[in-house]
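Report on the following structure.
In my numbering, the protein residues as written are 92 to 341.
As structure tokens, this is what we get:
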């Protein structure tokens, strides 16, 4: 397999992305069971499930930033991801208004990909190690900006002005008003800085990252966008058939 710049694909990246896709499908199957099929599962509301969810999104966003420099068609990649995010928002708003998605992970990845294009000349002037450390520290500092303050995972450093949290636009930036709801929410801040952490991590690479080839899983990693768009209705359909046939939970 070749990229648009005739570089061989990095099998390890495809495999890692594929493993994360499998983990995401399993996590969303559990989400469906709890929130759509009424399964009483206290563990899913606790720290273990939260860490599972965070491991998925952190990996996807870091990988997207890492892979930004691979290939040439960045505008197309960004528009495809952003368009996929718009499609998810439209479908969930119509089909699942109580669990609709706005400013989801695809919208974030598309926006981050497109924004990095004009930022790239400036970012290249920053030493890779300084950029990596700075981006990750900014991500940690802004991790709880959605909740109204600077800080990380409940450690409050500084409260932010309430006037920042006023509209759908500010929600997409990272400042959601009280009425804003989204089942899958990844605002530009803080997550853009985790994307940039991956960008600078690529610049620190020493050759191709070591990785394992797993044919099916690696193939899933190469087609992650399509799988992301299709997996949720397919998972829901399988669970609906299962619960209907065996008469459980519904």
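Even for Gly, the Cβ is constructed at its ideal location relative to N, Cα and C.
Secondary structure of residue 217, DSSP reduced to three states: In the three-state DSSP reduction, residue 217 falls in the coil class, being neither helix nor strand.
Pull up the distance between the alpha-carbon of residue 334 and that of residue 130, whole angstroms please. 11 Å
Are the Cβ atoms of residue 69 and residue 326 separated by less than 8 Å? An answer regarding residue 69 cannot be provided, because it is not within the stretch 92 to 341 covered by the chain.
Residues in the same chain with beta-carbon distance under 8 Å from residue 261, minus the five sequence neighbours each way, listed in chain order, please. For residue 261, where only same-chain residues beyond five positions count, the Cβ hits under 8 Å are 255, 267 and 268.
Apart from the five residues on each side of it in sequence, which residues of its chain come closer than 6 Å, Cβ to Cβ, to residue 146? none
Rounded to the nearest angstrom, what separates residue 225 and residue 288 at their Cα positions? 8 Å
Distance between beta carbons of residue 278 and residue 237, contact taken as under 8 Å: 6 Å
In whole angstroms, what is the alpha-carbon distance linking residue 144 and residue 115? Straight through space, the alpha carbons of residue 115 and residue 144 are spaced by roughly 8 Å.
Is residue 281 buried or exposed, if buried means 16 or more other CB atoms sit within 10 Å of its CB? buried
Distance, residue 252 Cα to residue 151 Cα: Going by C-alpha positions, residue 151 is about 31 Å away from residue 252.
Suppose only complete runs of 4+ residues qualify. What are the alpha helix (DSSP H) ranges in the segment 186-271, listed by chain order? 196-214, 219-232 and 259-264
Taking the straight line between their C-alpha atoms, what separation do you get for residue 308 and residue 159? 21 Å
Can you list, in chain order, the residues of its chain with a C-beta nearer than 6 Å to that of residue 232? Leave out the 5 residues immediately preceding and following it. Close CB contacts of residue 232 within its chain, under the 6 Å cut and outside five residues either way in sequence, are with 241 (chain order).
Which stretch, first to last residue, makes up the alpha helix (DSSP H) that contains residue 101? No alpha helix (DSSP H) holds residue 101; DSSP gives it neither H nor E.
So, are the CB atoms of residue 345 and residue 223 less than 8 Å apart? Any question about residue 345 goes unanswered here, given that the chain covers just 92 to 341.
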